[in-house]
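With our numbering applied, the sequence shown covers 17 to 431.
Shown next, in structure tokens, is the structure this report addresses.
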Amino acid sequence: MNHKKSFWGGVITGVLAAALIVSGVFLGQSVWNLYQSSRTQETAAQNEEDGVSSNSVANAQTMNKLQVLEDTIDRYYLESVDEQTLEKGVYDGLVEALGDPYSTYYSSEELKELQDKTEGIYYGIGAYVGIDADTSLPRLTGIIEGTPAQESGLRAGDLLYKVDGEEIQGLELTQVVSKIKGEEGTSVHLTIIREGATDYLEVDVVRRKVESPTVNQKMLDGGIGYIQITEFDTVTLDQFTEALAVCRGSGMKGLILDLRGNPGGNLNTVCDIAREILPKGLIVYTEDKDGKRSEYTCDGTKEMKEPLVVLVDSGSASASEILAGAVKDYGIGTLVGTTTFGKGIVQRIISLSDGSAVKLTVSNYYTPNGNNIHKIGIEPDIEEKFDSEAYYNDGVDNQLNKAIEIMNEKLGSEQ
């Protein structure tokens with residue numbers, strides 16, 4: 017950190033900063049109080065001049081104190097800290113002070129990462145990446161079918177040693193991902209460590225547009241369609257309607273919709289998917305701090321006629337609960353599994369002029385029957401706890417089997 021005038025506004029002498037430290041806790045408090053008293057009139061005048069309310073966090077007194085803290089850190093803190101890190105810490109801390117785990121400040125870089133994730137489309141190689149606990153190297157945890165990663169021969173389990181010749185051991189996952197992503201048509205050179213190989217593998221991969229799969233589909237015995245939605249991104253509607261069409265084209269008699277472990281996503285996306293299922297009426301409504309109500313409705317033109325079973329668990333949250341709650345309120349399907357997470361609030365991302373943004377909780381949401389499920393969750397119609405031992409030892413999904421059993425009963429009763 018250099019000793020130039022910083023972004024806090026105003027310059028506080030290093031003498032004051034030193035006095036605060038050397039005098040100890042109690043005396044230091046007295047020095048700060050004395051300083052505050054001597055600055056009261058000046059601070060009030062500065063606030064008036066800047067058009068900032070004295071009740072605002074961003075008043076002159078706060079700015080002055082931030083300057084003192086910065087100078088104190090600069091002078092005494094053992095490690096070097098750059099101003100950008102401290103600045104971001106101030107913004108992060110302001111939002112964290114709300115005590116809301118869903119409200120967050122995003123730098124411009126973090127916002128771009130978030131947008132890529134929620135849109136479900138990015139320019140890269142098409143591989144899932146995690147950090148290997150034993151080596152601290154990035155590990156490819158999965159390869160998306162039909163992507164440059166698959167075409168280049170990359171495999172799940174490969175360790176990334178270098179990206180474009182730069183060693184990446186110890187980097188944060190977001191840093192690794194940003195190095196792999198890039199403009200469409202550009203190439204990234206990866207140095208790979210593969211189990212069983214006697215030397216490094218050098219692989220060039222050309223980046224292109226990659227669409228993250230958020231929907232999985234298959235047909236089960238007896239004409240039962242199965243569709244899993246892992247999250248509600250921008251791309252999810254098209255993926256869902258395609259999966260539903262494939263199931264119907266394969267002779268689907270009933271649908272099992274799997275929302276287990278789905279953390280939610282885009283409100284508009286889940287409402288669009290609900291319009292492929294629900295009868296005419298309300299999907300969900302929200303109310304903000306002023307009591308303003310916004311309604312999301314369905315015209316019923318695509319109402320699903322096939323029997324429906326929805327799988328849910330404690331990992332089904334937010335947008336998943338909007339869909340599950342509407343299905344339950346209308347009585348058009350049977351919920352199977354365990355009680356959902358219980359996130360009945362909506363966040364909004366508000367862009368700032370410098371390219372950063374803040375995500376804030378702005379409203380509560382309510383199911384069609386007027387239920388707010390925040391910190392409560394949605395109880396399934398039929399409870400079936402997940403047998404993890406049976407799943408990991410024998411590959412048996414007891415919750416899915418229960419859903420199949422219920423669907424067969426529905427189909428049998430229709431005959």
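Every residue, glycine too, gets a C-beta built ideally from N, C-alpha and C.
Contiguous alpha helix (DSSP H) elements confined to the segment 153-227 occur at 164-167 and 189-196, taking only those with 4 or more residues. The C-alpha of residue 211 lies about 17 Å from the C-alpha of residue 168. Taken through DSSP and simplified to helix, strand or coil, residue 234 comes out as strand. In the DSSP assignment, residue 404 falls within the unbroken alpha helix (DSSP H) covering 404-410.
Our two residues, residue 90 and residue 109, have alpha carbons roughly 19 Å apart in a direct line. If you draw a 10 Å sphere on the C-beta of residue 289, you find 16 or more other C-beta atoms in it, and that means buried. Of the residues 310, 303 and 273, the one whose Cα lies closest to the Cα of residue 292 is 273. For residue 264, no beta strand (DSSP E) segment is defined; the enclosing uninterrupted segment is the alpha helix (DSSP H) at 252-265. Shown here, residue 133 sits in a helix according to DSSP, grouped into three states. Beta bridge pairing from DSSP links residue 116 with no other residue.
Beta-bridge partners assigned by DSSP to residue 373: 122 and 367. Residue pairing for residue 241: DSSP places it in a beta bridge opposite 235 and 271.
Following the DSSP letters along the chain, one finds residue 297 inside the beta strand (DSSP E) bounded by residues 297-304. Rounded to whole angstroms, the gap between the alpha carbons of residue 426 and residue 330 is 25 Å. For residue 400, same chain residues with a beta-carbon under 7 Å away, outside a window of 5 residues either side, are 352, 353, 414, 415 and 418 in chain order.
As DSSP reads the structure, residue 96 sits in no beta bridge. Looking at the DSSP output, residue 380 sits in a beta bridge with 303 and 361. According to the DSSP assignment, residue 290 belongs to the alpha helix (DSSP H) that extends over 283-290.
DSSP places residue 311 in the strand class (E or B) of the three-state scheme. The C-alpha of residue 234 is placed about 31 Å away from the C-alpha of residue 129. Nearest C-alpha to residue 132 among 356, 301, 256 and 198: 198.
Here DSSP, grouped into helix, strand and coil, assigns residue 110 to helix. With 16 or more other Cβ atoms inside 10 Å of its own Cβ, residue 396 counts as buried. Residue range 350-353 is occupied by the beta strand (DSSP E) that includes residue 353.
Contact between the segment 266-285 and the segment 317-328 is present: three or more C-beta pairs spanning the two stretches fall below 8 Å. Counting along the chain, residue 339 sits inside the alpha helix (DSSP H) bounded by residues 335-346. Judged by DSSP in its simplified three-state form, residue 143 adopts strand. Taking a cut-off of 8 Å on C-beta distances, the segment 170-187 touches the segment 142-160, as three or more cross pairs fall below it. For the pair residue 181 and residue 334, the Cα-to-Cα distance works out to about 42 Å. Using a Cβ distance threshold of 9 Å, residue 358 and residue 393 count as a contacting pair. If you draw a straight line from the Cα of residue 336 to the Cα of residue 382, it is about 13 Å long. For residue 73, there is no enclosing beta strand (DSSP E), as DSSP gives it neither H nor E.
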